[in-house]
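Participant: For the sequence shown, the UniProt record's numbering begins at 1 and goes up steadily by one. Glycine residues also receive a C-beta, built at the ideal position from the N, C-alpha and C atoms. Note that the coordinates shown come from a computational prediction; the quantities given were computed from them, not determined experimentally. This is the structure I have questions about; it appears just below.
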Amino acid sequence: MSLPYKLAPAVTPLRHPMSLASPLGVAFAHHPRPGLGQLRAKGDLVRRMAREMESQAKANQEELVMSKAQREAASAEFKSGTMPMFPTTFVSAPLSKYPRGISDFLAYQWHRTKSWFAARMSVAGAKVDSMGKKWTTRPRLKLHRGQIAPTAKIMYRELLEAFAAGDKATIRKLCTPAYADKFLVAIERRKPDERLHFEVVKDSSSLFYPRLSSHMVGDGSFYEKGTLLEQAVVAISMTQKVWKTKAKTGEVIPGSEKVQDRVEYVVMWRDIKTDTYTRSPWRIWGTTAPTSLETMRERAKFWEKQQAKMAGWKTD
Numbered sequence: 001m002s003l004p005y006k007l008a009p010a011v012t013p014l015r016h017p018m019s020l021a022s023p024l025g026v027a028f029a030h031h032p033r034p035g036l037g038q039l040r041a042k043g044d045l046v047r048r049m050a051r052e053m054e055s056q057a058k059a060n061q062e063e064l065v066m067s068k069a070q071r072e073a074a075s076a077e078f079k080s081g082t083m084p085m086f087p088t089t090f091v092s093a094p095l096s097k098y099p100r101g102i103s104d105f106l107a108y109q110w111h112r113t114k115s116w117f118a119a120r121m122s123v124a125g126a127k128v129d130s131m132g133k134k135w136t137t138r139p140r141l142k143l144h145r146g147q148i149a150p151t152a153k154i155m156y157r158e159l160l161e162a163f164a165a166g167d168k169a170t171i172r173k174l175c176t177p178a179y180a181d182k183f184l185v186a187i188e189r190r191k192p193d194e195r196l197h198f199e200v201v202k203d204s205s206s207l208f209y210p211r212l213s214s215h216m217v218g219d220g221s222f223y224e225k226g227t228l229l230e231q232a233v234v235a236i237s238m239t240q241k242v243w244k245t246k247a248k249t250g251e252v253i254p255g256s257e258k259v260q261d262r263v264e265y266v267v268m269w270r271d272i273k274t275d276t277y278t279r280s281p282w283r284i285w286g287t288t289a290p291t292s293l294e295t296m297r298e299r300a301k302f303w304e305k306q307q308a309k310m311a312g313w314k315t316d
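Next up, the structure:
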């Protein structure tokens with residue numbers, strides 16, 4: 001950028017500076033003094049630069065404050081378990097509920113394959129990072145993928161039994177704080193003269209259930225430094241029986257008995273410390289539903305808008 005300056009009318013720059021002799025006999029170059037216009041222009045430039053530096057420093061300070069506030073909010077989400085699921089999570093629907101049209105069917109399969117590959121790469125990348133700089137060593141990160149689905153099935157059954165029995169301590173142990181609060185509030189709202197009962201009539205342990213529908217590992221440093229987040233979605237099928245009885249007599253309350261065949265998609269979370277790669281116990285984050293084609297399209301539009309905003313483009 002050229003410097004804005006203006007020479008006074010009476011001053012002209014010399015093509016070759018004059019060479020004068022000093023009292024010590026050393027020759028030195030003599031340059032003409034700058035004009036009044038030059039001094040004013042330089043002063044304006046210095047003042048403008050000072051204003052810009054002050055404005056930039058203020059903006060940086062505001063950004064720092066916002067980042068601190070965001071970090072505190074993220075830390076609160078992490079501790080309570082209210083952080084959202086990974087944005088690329090894909091929970092495949094049963095084949096009977098796939099889109100019927102050929103184009104929609106192929107589009108759904110494409111999203112499913114792409115999401116499966118992204119999930120596998122997230123796990124592989126975390127394992128490679130745990131090897132450190134020496135790729136010849138074994139990964140320190142051990143996820144035990146084959147144990148996730150059976151563990152989720154046992155934990156979810158224990159949760160339903162604890163909810164029916166009003167066992168608050170077990171509910172807090174199995175769930176994230178935010179999800180546990182939903183059960184605790186429901187327990188407090190029960191009528192004191194009624195008792196809730198739960199039973200698994202039929203355990204659908206087949207070739208398809210329990211099934212690990214999604215498994216991902218992501219960077220959790222946004223929530224807590226030096227942390228990885230592991231998320232798993234497990235499909236669990238069982239026939240449940242729920243009924244209520246009177247507290248004094250144990251008599252079944254008419255109309256309270258319900259038997260349902262249900263498939264639940266249980267979301268599990270745990271964190272991993274990157275210095276030792278130790279894993280915290282699994283916690284139930286909640287339940288979700290299979291990902292639909294409409295959800296994938298809405299998600300794609302949302303991230304397109306987010307990227308446009310980050311690029312500084314105007315969006316509707």
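Assess, as a yes-or-no matter, whether the region 265–283 is touched by the region 240–249 under the definition of 3 or more beta carbon pairs within less than 8 Å.
Facilitator: no
Participant: Report the residue ranges of all beta strand (DSSP E) runs contained in full by the region 194–225; include only those spanning at least 3 residues, in chain order.
Facilitator: 194–203 and 211–219
Participant: How many Å lie between E230 and G218 at the Cα?
Facilitator: 7 Å
Participant: Per DSSP, T295 forms a beta bridge with which residues?
Facilitator: T295 pairs with nothing; no bridge assigned.
Participant: Write down the C-beta distance between E188 and T170 rounded to the nearest angstrom, noting that I regard them as a contact closer than 8 Å.
Facilitator: The pair is not a contact, with the Cβ atoms about 16 Å apart (cut-off 8 Å).
Participant: Is the region 285–295 touching the region 248–257, taking contact as three or more C-beta pairs under 8 Å?
Facilitator: no
Participant: With a 10 Å radius around its C-beta and 16 neighbouring C-beta atoms as the bar for buried, classify K114 as buried or exposed.
Facilitator: exposed
Participant: With Y108 as the anchor, note down where its alpha helix (DSSP H) starts and where it stops.
Facilitator: Looking at the DSSP string, the run of the alpha helix (DSSP H) that includes Y108 is I102 to D129.
Participant: Near M131, which residues of its chain fall below 8 Å by C-beta distance, leaving aside the five closest residues on each side in sequence?
Facilitator: Close CB contacts of M131 within its chain, under the 8 Å cut and outside five residues either way in sequence, are with T137, R138, P139 and R140 (chain order).
Participant: Determine the contact status of P150 and P210, defining contact as a CB-CB distance below 8 Å.
Facilitator: yes
Participant: Can you tell me where the alpha helix (DSSP H) with R172 in it begins and where it stops?
Facilitator: Boundaries of the alpha helix (DSSP H) around R172: K168 to L174.
Participant: Grab the span of the alpha helix (DSSP H) containing Q148 for me, first residue to last.
Facilitator: Residue identity differs from the one stated: residue 148 is Ile in this sequence, not Gln. Residues I148 to A165.
Participant: Based on the DSSP output, what are the partners of D181 in its beta bridges?
Facilitator: Bridge partners of D181: none, in fact.
Participant: Bridge partners of E230, per DSSP?
Facilitator: DSSP lists V217 and R270 as partners of E230.
Participant: Counting along the chain, where does the beta strand (DSSP E) carrying I284 start and finish?
Facilitator: R283 to T288
Participant: Below 8 Å CB to CB, which residues in the same chain sit around K97 once its five sequence neighbours on both sides are set aside?
Facilitator: P290, listed in sequence order.
Participant: Rounded to whole angstroms, what's the CA-CA distance from S280 to A126? Just pull it up for me.
Facilitator: 16 Å
Participant: Would you call E63 buried or exposed, if buried means 16 or more other Cβ atoms sit within 10 Å of its Cβ?
Facilitator: Because the pLDDT of E63 is 46, which lies under 50, any placement of that residue in the model is unreliable, and the number read from its coordinates should be weighed accordingly. Burial call: exposed.
Participant: Check whether the Cβ atoms of T245 and H215 lie closer than 8 Å to each other.
Facilitator: no
Participant: May I ask you to report which of helix, strand or coil DSSP gives E264?
Facilitator: Three-state result, E264: strand.
Participant: With DSSP as the reference, label F302 as helix, strand or coil.
Facilitator: helix
Participant: CB Y156 to CB W285, shorter than 8 Å?
Facilitator: no
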